[in-house]
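Encoded as structure tokens, the structure appears first; notes follow it.
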């Protein structure tokens, strides 16, 4: 009997061992099968996953993006990999230990995946392109779920009611979608993080959520109640509607009377009035972002009341004019950027000015705004476009500067040219990047305490005078721009360090300088700068690196760049400078001083004795290494 028990025990242990080995092999196969459902423009993404190795063996680091515990896979963190395709939930459900998923900052689209088939504690799908309505029961039964991050997608419909039944839910991030309807009631004392901003939500904010900051709800124009403005009763709404109708009738009568009076004026007076009305209408209707935006000029008619209508000049050597002078000037829309709309206003006295309207500075007070603008106005450098004057109102700010008729660097690089019109030649491009470097260095010297002395360096913010000398614009605005808006639109917040760790450093501007250099040399626009939120993903830098990885080649340079004879070596030097400024690891990235020194050493032409190939082997310290899992400090396991 004892012998039989011993044999049975051995057989049982061998069965357990076989089950363990089979499970280990099965997990690798499951992950490889899951990978097959994904697509990526990044060839290196998940390319090292290998079915012949154990995913949770620390000695085989090929399985990037995995989190393991007890020898099994507990988390997938596949972020910033340009992934798209289908998230195969059926395959993921075969991983019994899976507790956290993160596909942040990729390119997945389509409907919300059926994640309630998984036993998750954390779900991160932010910064993708998911769309459509999320079913009301999408999170039903996910009782262990603590963190749900779905921000910056294109979801529509109502917030799923099944979220309110999750008793362990601590974090909910749904910002930057198109959710509509009322906010459902969440249990009290449950959530510790909430972000519902920039959706289309309406109605009263539930009392259980009233203790959150107002920024959790901003950007929803029809929400009310604490911490936002008090909700108005239906009776008050009716009274307000009657007032609005009455005011409209009075305004219509006034307009009719004014038209009759004007019809009796002399032709000269009529002409002057028509010109003024035309300018006002142009200025008022120029921003086409929304009807609300177009009507926002109405308050200028009341700007004479008190101090709110005053332009403050920061340059003592400039001719003074007031707000009404700007409104009377002939106006032309220059464009709508990430901060707001820009207008060209030609004053009656002759000079052309640029007026930029900012709506995303409501968080800064009058005194702090005035102090910062005066500090900007004190700057004087040939490569910085000077601030002339500013206007402060709580809901809106205006910044006034000189008009630069030659346009921006972006326009010269990317806009269509007339037949026979030449692109920027190499000497001109070198001149531009030298001026940019000098202007940036001046900002660093003037603002030693700023993490981002510029913060928004891109080709459309580099203007060119008639001699193609660059003038930096939109600089040093980070302290006065609302944080949420800055992180959504400003290019500094698309850097790798912000994508990885939600922080920026004084080397972040260097990253933007590097991208600008690559854009200048290749003629290619960094398309991901148009993407909202995080995720520059270094598309341009990645492309340049892929071209030159095997050997340095002239294929990377803009074919429209003329005047390159005898300058190829200097162009290669600048290319390598750009790549060193685009080092993913901020600690290994050059600081601004070194970048500027290297740029200023460049010449238009190589020396006669220079060896073209020697520049290819010169070591500037650039690391072309792809990002590894260790570069990320964000963890989705300890939830």
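In the numbering used here, the protein residues as written are 20 to 658.
We put the beta carbon where it would ideally sit given N, CA and C, even for glycine.
The DSSP-derived three-state label of residue 87 is strand. Rounded to whole angstroms, the separation of the alpha carbons of residue 204 and residue 535 is 47 Å. The region 583-597 and the region 502-510 do not touch, with fewer than 3 CB-CB distances between them shorter than 8 Å. Rounded to the nearest whole angstrom, the C-alpha separation of residue 576 and residue 245 is 56 Å. Fewer than three beta-carbon pairs drawn from the region 606-618 and the region 476-484 are found closer than 8 Å, and the two stretches are therefore not classed as touching.
Linking residue 542 to residue 582 through their CA atoms gives a straight-line distance of about 15 Å. Ranking 144, 149, 169, 164 by CA distance to the CA of residue 138 puts 164 first. Less than 9 Å divides the Cβ of residue 125 from the Cβ of residue 100. The beta carbon of residue 411 is closer than 6 Å to those of 385, 388 in its chain, skipping five residues each way along the sequence. As summarised for the region 328-359, the continuous beta strand (DSSP E) elements at least 3 residues long and confined to that stretch are 349-355, given in chain order.
Counted as a single uninterrupted DSSP element, the beta strand (DSSP E) harbouring residue 175 occupies residues 173-176. Less than 9 Å divides the Cβ of residue 525 from the Cβ of residue 469. Between the alpha carbons of residue 239 and residue 495 lies a gap of roughly 29 Å. In the DSSP annotation of this structure, the continuous segment of the alpha helix (DSSP H) that includes residue 389 starts and ends at 385-396.
Separation of residue 176 and residue 182 (C-alpha to C-alpha, rounded to the nearest whole angstrom) is 14 Å. In this structure, residue 234 lies away from residue 218, with their beta-carbon atoms at least 9 Å apart.
Sequence-distant Cβ neighbours of residue 365 in its own chain, meaning closer than 6 Å and more than five residues away, are 348, 349, 371. Nearest to residue 202 by C-alpha distance, out of 221, 250, 195, is 221. Note on the region 449-490: whole beta strand (DSSP E) runs with a minimum of 3 residues are 481-483, in chain order.
For residue 373, the uninterrupted beta strand (DSSP E) segment begins and ends at 371-377. For residue 619, the number of other beta carbons within 10 angstroms of its own is below 16, and it is reported as exposed.
Spatial neighbours of residue 199 in its own chain (CB-CB distance under 6 Å, excluding positions within 5 residues in sequence) are listed in chain order as 219. Taking residue 561 as reference, the option from 626, 172, 515, 49 with the minimal CA-CA separation is 515. When secondary structure is reduced to three states using DSSP, residue 607 falls in the coil class, being assigned neither helix nor strand. Straight across, the Cα-Cα distance linking residue 118 with residue 59 is about 24 Å. In this structure, residue 408 sits near residue 419, with a CB-CB distance shorter than 9 Å. The beta carbon of residue 194 sits closer than 6 Å to those of 170, 214, 216, 217, all from its chain and outside the five residues before and after it, given in chain order. With fewer than 16 other Cβ atoms inside 10 Å of its own Cβ, residue 251 counts as exposed. Ranked by how close their Cα comes to the Cα of residue 485, the residues 520, 598, 423 have 423 in first place. Residue 237 counts as buried, since no fewer than 16 other beta carbons sit within 10 angstroms of its beta carbon. Taking a 10 Å sphere around the C-beta of residue 441, we find fewer than 16 other C-beta atoms and assign the residue as exposed. Nearest in C-alpha terms to residue 168, of all of 402, 134, 192, is 192. Note: residue 143 is bridge-paired with 121, 168 in the DSSP secondary-structure output. Leaving aside the five residues that flank residue 180 on each side, the residues in its chain whose CB is nearer than 7 Å to its CB run, in chain order, 155, 203. The Cβ neighbour count for residue 172, taken over all protein chains shown within 10 Å, is at least 16; the residue is labelled buried. About 11 Å separates the beta carbons of residue 539 and residue 596, which is beyond the 8 Å limit, so they are not a contact pair.
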